[in-house]
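Colleague: Quick one: the structure is below, questions incoming.
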Amino acid sequence: MGRPWFSCEPVDASFFETAPVRLVGRFRVPRPAADVWAELTGERPLSWCRILDEVRWTSPRPFGVGTTREVNAVRGTNVLREHYFRWEEGRQHSFYVAEASTPLARRFAEDYLVEPTGEGSCLFTWRICFEPRLLAAPAVPLNRLLLRTLFTDTRDHYGLR
0 MGRPWFSCEP VDASFFETAP VRLVGRFRVP RPAADVWAEL TGERPLSWCR
50 ILDEVRWTSP RPFGVGTTRE VNAVRGTNVL REHYFRWEEG RQHSFYVAEA
100 STPLARRFAE DYLVEPTGEG SCLFTWRICF EPRLLAAPAV PLNRLLLRTL
150 FTDTRDHYGL R
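If you're matching positions, the sequence shown starts at 0 in numbering that gives the first Met the number 0 and goes up one per residue.
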């Protein structure tokens with residue numbers, strides 16, 4: 000028998016301003032924006048994040064609006080199927096979770112923005128937003144802690160301590 004899937008509601012860019020739970024990481028990275036973008040859209044995106052077991056693109060290149068990927072997280076306890084609704088090559092992309100293997104979120108989305116700040120540096124802004132399902136609301140503090148490890152691991156990855 001296969002894994003159960005729970006549908007999540009699609010969102011648009013306004014969700015990043017209105018979501019009940021919003022986390023933002025801002026990283027001044029001492030690397031060119033093009034390098035950071037290439038890493039975020041490469042074959043092993045976010046490989047440095049300890050709660051992400053595997054991130055796998057399920058759409059062919061070139062990526063754009065409509066691109067999909069699947070993420071195995073927290074030792075396989077949660078699998079997410081993501082759908083990209085914004086893609087500005089080299090600068091910004093945003094997705095929402097279309098389906099998840101656990102019924103935690105009613106809506107969940109992320110936004111990645113990479114802006115050059117100099118010849119060899121950039122600002123990477125990562126927004127993670129969600130609306131929990133009613134029965135999952137008590138788990139929000141734990142989810143916040145888990146999601147914040149993504150930011151901690153990103154700081155470590157770029158040597159920003």
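No residue lacks a Cβ here, since even glycine has one placed at the ideal position from N, Cα and C.
Keep in mind it's a predicted model, so treat the numbers as computed, not measured.
(1) How is D11 classed by DSSP in three states: helix, strand or coil?
(2) Would E81 and V96 be called neighbours here (beta carbons separated by less than 8 angstroms)?
(3) Taking 8 angstroms as the limit between beta carbons, can you name the residues of its chain near A37, skipping five residues before and five after?
(4) Give a yes or no on contact between the segment 112-124 and the segment 140-152, applying the rule of three or more CB pairs nearer than 8 angstroms.
(5) Report back the beta-carbon spacing between D11 and F84 to the nearest angstrom; my notes put them in contact at under 8 angstroms.
(6) Measure the CB-CB distance between T76 and T67 and report whether it falls below 8 angstroms.
(7) Is the beta carbon of F123 less than 8 angstroms from the beta carbon of V20?
Modeller: For this structure:
(1) coil
(2) In this structure, the beta-carbon distance from E81 to V96 falls below 8 angstroms.
(3) none
(4) no
(5) 7 angstroms
(6) no
(7) No. Outside cutoff.
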